[in-house]
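> What follows is a structure written as C-alpha cells; I'll ask about it next.
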Amino acid sequence: MHTRTRRQRRLGAVAGTALGAMLVTGCVASERGEDSGDAAGTFVFAASAEPVTLDPAFANDGETFRVARQIFEGLIGVEQGSADPAPLLAESWEGSDDGLSYTFDLKEGVTFHDGTEFNAEAVCYNFDRWHNFEGIAQSPSASYYYNNLFKGFAGDEGAVYESCEAPSENEAIVHLTQPWAGFIAALSLPSFSMQSPTALQEYGADDIGGTEEAPSISEYGSEHPTGTGPFTFSSWDAGSQVELTAYDDYWGEQGDVTDVIFRVIDDPNARRQALEAGTIDGYDLVSPADTAALEEDGFQILARDPFTILYLGINQAVPELQDVRVRQAISMAIDKEQLVNQTLPEGTELATQFIPPVVSGYNEDVTTYDYDVDAAKALLAEAGIPEGWELTFNYPTNVSRPYMPNPEEIFTVLSTQLSEIGITVVPQANEWGEYLDIMQGSSDHGIHLLGWTGDYNDTDNFVGVFFGQPSMEFGFDNPELFNALTEARGTATIEEQLPLYEDINQMIAEYIPAVPLAHPAPSLAFSERVGSYPVSPVNDEVYNLVELND
Amino acid sequence: MLQVIAKRLALVVPTLFGLSLLLFLWVRALPGGPASALLGERATPERVEQINELYGFNKPILEQYLTYMGRLLSGDFGVSIQTGRPVLEEFANRFPATMELSIVALILAVGIGVPLGYISAKRYGRLPDHVAVVVSLVGITVPVFFLAFILKYFFAVELGWFPPDGRMDARMDATRVTGFYVLDGILTAEWDAAWDAFMHLVLPGIALGTIPLAIIARITRASVLETQGADFVRTARAKGLHDSSIRDRFVLRNAMLPVVTTIGLQLGLLISGAVLTETVFAFSGIGQFLATAIFRRDYPVLQGFILFIAVLYALINLIVDVSYSIIDPRVRVQ
C-alpha cells in the first residue's frame, strides 16, 4: 500500500511537471512569436520551392527568378504594375531603322555588389558570355531562355546575336543578325540580368558541367551571385531558406526592408498556416478556397493583373473533333461566367482569345461563341454527332498552377456543362508529370485542361508557343496559321506586328484549336505588417518597394 | 563476434545490389518522366528528347543500369535533377534534420511506451491497463499525416504554443556546427537558438513518435505479462525474493529482449516514416526531399536516398542483434 502511494505521488509529480512545462513553453512560444514579428526590416516570404541556381542566366523557373529579381537588374525592367518594358540599368535605348542594332544609354554611378563598376563593357561582357556558352551550358535545362529567344550560340546558323560594342563608358550598342521586334521586351527577363564580370570569372560561373548527364551548379551560382540590385546574397541553407541583405551602395531607393528571407514551404496548406501562425509575412498562389477565410481573419489578399490563360484544349487526333462545327458546339456549351464565379479567384477575367488584354495584338473584335445550349446542340446534330456521344476529358490532379489553381473543380463544372448538350464525358485524371507526358508526348487524349503564364510582354510567348507548330497536344496541321505566326515573329517593330497578330487572333478564333476560358488572377496573401507590396502581372516584384508597417 | 559481424556486413552487399536493381526499375516504372516534370508546360517533344539524351534516359535500360552501377561503385550517386547538386551532398545536408527528429520521436516512444506497457501489465485487467490498451490502439490506428495535421492545427496555428513549420525561426541567426540544430545551439552557447530548434521538434516529434510509442507499449505489455508468468519468476517468488528485486533482476531484464528488437526496428521505420511528418511540418529533412523527388521524378535522388536508408536499416538491424546478444548471452549472433 505504502509503495503504491509513493508511486502514485511520483506519477503525479511527473504529470504536473509535464503540464507545467507545456504551459511555460506555450507562453514563451507565443511571446517569442510576437517578438519575432517585430524584427524590424526583415521580410519573410514563403517560396514554394528552392531556387534551382542563383545564376539567372541558367534558370527558367519562377522561384529562381523571384530571388534573382532582388539581387540582379537587367538593362530593361517593366513599368511598375504592368508588363510593359521600362528603363532600368539602361536609361534609354534606340533601335536602328533596319532593326539590326540597339543603342543603350546606361545609368551612371551604378556598382555591382563586389564594388566593381557597371558600365558598357560589363554589358558587352554579359552578352558575349551568353553567346559563347559551350557544352553543358548550352543545354536546354541550363540556358533555356537565351537559346530559345536568341536562337542559338556562337557558330549556330540563325543565331540572332551578332556583337556588342562599347564606344563609351555609358553607351553600349548591341548588333543583331536579323530584326527582332520582341528584343527589348525579352531583355526584361531575369535570365538577361547584368552580372559582375569580375565575380563571374573569379567564381567560375560557366563551370556548370560535371558530366553531360549531370550538370551541376557552379560555385558562382550557389554562393556568389553578384548583381546591381537592392539586395546582396547572404546565405542559402539547402532545402530551408535563402537570405539576402540590403546593399548599402544601391543606386536607387533602399526602402523599409533590410533583410529578405525566402523560406521554402512546398505545401500550399503549410504556407497558409505559416502565415496564420506569423512565421512568414506573405506567400504567393493563394488557393481560391482560402482567400475569403484569410481576409476575414485580417490578412490582406492582393491579386495580380492576370497575365495568364486557361484553355480547354481540343485534340484533333480524335476524328469527330476535326469537324469545326463540333469544336464550335463545345465552345458554345461553356458558360465561362459560371466557371469563373464558381472556381477561379477574384480578379479573373473571361477570355475570348489566347493572350491577356494587355498583350499587343489583342483583338477587341474577335469572333466569340457565346453560351447557347440550343445552338450547340443543333451544331452537334448537324455534324452527325449522336446524343450521348462519349468524349474523353483529361485533367490533372494534385497540382496548382497560376492559371489553374484547382483543376479538379474546373473539370467538374465543365463536364457538367458539356453534358447539357448531350456529350457524355469520360473523365481521365492523371498526376501532373504523367499528365504532361500524355498531353505533349502522345495523341491518346481528348479534350483537356492546360494553360500558360506569360514570361514577358510578347504575343509570340503565348500564341506562338501553343499554335506555332504541329503538336501532339492539339493534333492538327495548319500551315497557314504556322506561317502567319512565323512571319509575325520575324518583323522588326511592335507597330508592324500589331495588325499581324490581330489577324492571327481572328484566324485562331475561327479555327478553334482550343477554347480560351479565362485569364485567372494569381493571388498573394500578406500579414498586417506589410503596408504595401508591388504586385506585378509578370512577377517583377522587388522588395525595396515593400512597405512595412512597423 | 567480430567475425560474425563481418559476415553479416558482407551479406548486406548483395542485398543492396538486389535492392539497387529493384529501385532502378521501380523509379523508371513511375508514369511520367523527369523531363516533363522539369520542363512543365514548355515540354515540346524536342525538348523532352533533349533532356532525355542529356541524362541518358533514352538509352537501353540495361546500359543505363550498368552506367549507374559503375558510378555507384566509385561513390558517385549522381546529381539531383531538381537542384543540380550531388545526391550525396543533398543527403548529407538533410540527414541531421531527420536524425534529430527521429531521435526525439524515439525518446518519446521509448520514454512513454515502455513505462506505459509495464504499468499496463502490472495492472493487468484493471483501469490503467484498459487505458493503456486503448491509447496504444488509437496510436496505431491514427494515420501519421492526420495526427500531424491535427497537432499542427491546434497547437501551432490555433493556440500558437509551438511553431508550425521548419526547423528554426526564419529570423533567427544561428551558428551551424554539426547540422543538429539543438546540439549546435548548446555547443555554441546560443541558448535561444537551441530552445527555438527544440520547440520546432516537439510537434513533429509527437506525430512521428506516436505509432512507435503504441507498438513499444504493446510489446512491452505482452512481454512483461509473459515473463511474469514464467517459471523462474514463480521460483524466485517462492524463494521469498523481494518484489523490487524480482522486477529488476528477472522480469525487466528478460522482458526487455523483444522490446529492444522492436525499438531498433522502429528507429529504421522512423527515418523512412518521416516523409509524411516532414511534409506536413515543412521540416527540411530527407523525408520532405524524398516526397518532392517522387513528385518531380528525380530518379537519382529516389535511388540514392532509398539506398542510404536501406544501408541505415541494415546497420540498425545488426546493432540490434548485437545488443540482443549482450543483454542475453544465450542468444548468439549468427
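Protein chains in written order, with numbering that gives the first Met the number 0: chain A, 0 to 549; chain C, 0 to 333. All residues carry an ideal CB built from backbone N, CA and C; glycine is no exception. Model, not experiment: these values are computed from the prediction.
(1) Assign A:Trp-92 to one of three DSSP states: helix, strand, or coil.
(2) When you compare each of A:Asn-147, A:Ser-81, A:Thr-391 to A:His-444 by their alpha carbons, which one comes out closest?
(3) So C:Ala-192 contacts chain A; which residues on that side make the cut at Cβ distance below 7 Å?
(4) Going along chain C, which residues have a C-beta under 9 Å from A:Leu-449?
(5) A:Gln-327 versus chain C: which residues are under 8 Å apart at the beta carbon?
(6) Under three-state DSSP, which class holds A:Asn-314?
(7) So is C:Val-133 buried or exposed if we call it buried at 16+ other beta carbons inside 10 Å?
(8) Use the C-beta contact count for A:Asp-255: other C-beta atoms within 10 angstroms, 16 or more gives buried, fewer gives exposed.
(9) Determine, using beta carbons only, whether A:Leu-349 and A:Tyr-394 come nearer to each other than 7 Å.
(10) Within a Cβ cutoff of 7 Å, which residues of the same chain sit near A:Tyr-143, ignoring the five residues on either side of it in sequence?
(11) Measure the Cβ-Cβ separation of C:Gly-31 and A:Gly-432 and say whether it is below 7 Å.
(12) Look up C:Leu-240 in the DSSP assignment and say whether it is helix, strand or coil.
(13) Any chance you could list the alpha helix (DSSP H) runs of at least 4 consecutive residues sitting entirely within the stretch 315-398 of chain A, in chain order?
(14) With a cut-off of 8 Å, do at least 3 Cβ pairs link the stretch 219-228 of chain A to the stretch 265-275 of chain C?
(15) Taking Cβ-Cβ distances shorter than 8 Å, what residues in chain C pair up with A:Gln-272?
(16) For the stretch 46-57 of chain C, list every residue whose C-beta sits within 7 Å of some C-beta in chain A, in sequence order.
(17) Is A:His-112 helix, strand or coil by DSSP?
(18) May I have a chain-ordered list of the alpha helix (DSSP H) segments no shorter than 4 residues that lie completely inside the stretch 428-478 of chain A?
(19) Just the chain C side, please: which residues come within less than 7 Å of A:Pro-55 by C-beta, in chain order?
(20) Please tell me whether C:Ala-169 has its Cβ less than 7 Å away from any Cβ of chain A.
(21) Could you give the first and the last residue of the continuous alpha helix (DSSP H) run that contains A:Ile-300?
(22) Exposed or buried, which one is A:Thr-63 when buried takes at least 16 other CB atoms within 10 Å?
(23) What separation, rounded to the nearest whole angstrom, lies between the Cα atoms of A:Ser-190 and A:His-130?
(24) Does DSSP classify A:Tyr-532 as helix, strand or coil?
(25) Quick one: which chain A residues come within Cβ less than 8 Å of C:Ala-36?
(26) In the DSSP assignment, find the beta strand (DSSP E) that holds A:Trp-235 and state where it starts and stops.
(27) For the alpha helix (DSSP H) that contains C:Ile-325, what are its first and last residues?
(28) Would you mind reading off the limits of the alpha helix (DSSP H) that contains C:Gln-81?
(29) Near C:Ala-292, which residues of its chain fall below 6 Å by C-beta distance, leaving aside the five closest residues on each side in sequence?
(30) Where do the N-terminal and C-terminal ends of the alpha helix (DSSP H) with C:Pro-211 fall, by residue?
(31) Helix, strand or coil for A:Ala-491? Go by DSSP, reduced to three states.
(32) On the three-state DSSP scale, how would you describe C:Phe-56?
(33) Cα separation between C:Ile-50 and C:Phe-288?
(34) With distances taken between CB atoms, is the gap from C:Pro-203 to C:Leu-100 smaller than 7 Å?
(35) If we count the other Cβ atoms within 10 Å of its Cβ and call it buried at 16 or more, is A:Gly-80 buried or exposed?
(36) Between the stretch 7-35 of chain C and chain A, which residues of the former have a C-beta closer than 7 Å to a C-beta of the latter?
Taking the definition as stated:
(1) Of the three classes helix, strand and coil, the one that applies to A:Trp-92 here is strand, per DSSP.
(2) A:Thr-391
(3) Ordered by position in chain A, no residue passes the 7 Å Cβ test against C:Ala-192, which lies about 12 Å from the chain.
(4) Glu-40, listed in chain order.
(5) For a Cβ distance threshold of 8 Å, nothing in chain C lies close to A:Gln-327: the least Cβ distance comes to about 26 Å.
(6) Coil.
(7) Note on C:Val-133: under 16 other CB atoms within 10 angstroms of its CB, so exposed under the neighbour-count rule.
(8) It counts as buried.
(9) no
(10) Asn-59
(11) yes
(12) coil
(13) 323-332, 335-342, 372-381
(14) no
(15) Lys-151, Tyr-152, Ala-155, Val-156, Pro-163, Asp-164
(16) Arg-46, Val-47, Gln-49, Ile-50, Leu-53, Tyr-54, Gly-55
(17) Coil, per DSSP.
(18) 431-440, 462-466
(19) Those do not exist, as A:Pro-55 stays about 14 Å from chain C at its closest Cβ, beyond 7 Å.
(20) Chain A contact via Cβ: present.
(21) Per DSSP, A:Ile-300 belongs to no alpha helix (DSSP H); it is in the beta strand (DSSP E), 299-302.
(22) By the neighbour-count rule (16 or more Cβ atoms within 10 Å), A:Thr-63 is buried.
(23) 13 Å
(24) Coil at A:Tyr-532, not helix or strand.
(25) Trp-431, Gly-432, Leu-435
(26) 230-236 is the span of the beta strand (DSSP E), which, as asked, contains A:Trp-235.
(27) 298-326
(28) Looking at the DSSP string, C:Gln-81 is not in any alpha helix (DSSP H), and its letter there is neither H nor E.
(29) Taken in chain order, the residues that qualify are Val-300, Leu-301.
(30) For C:Pro-211, the enclosing alpha helix (DSSP H) stretches over residues 190-227.
(31) coil
(32) coil
(33) 22 Å
(34) Yes, they are a contact pair.
(35) By the 10 Å Cβ count, A:Gly-80 comes out exposed.
(36) Pro-30, Gly-31, Gly-32, Ser-35
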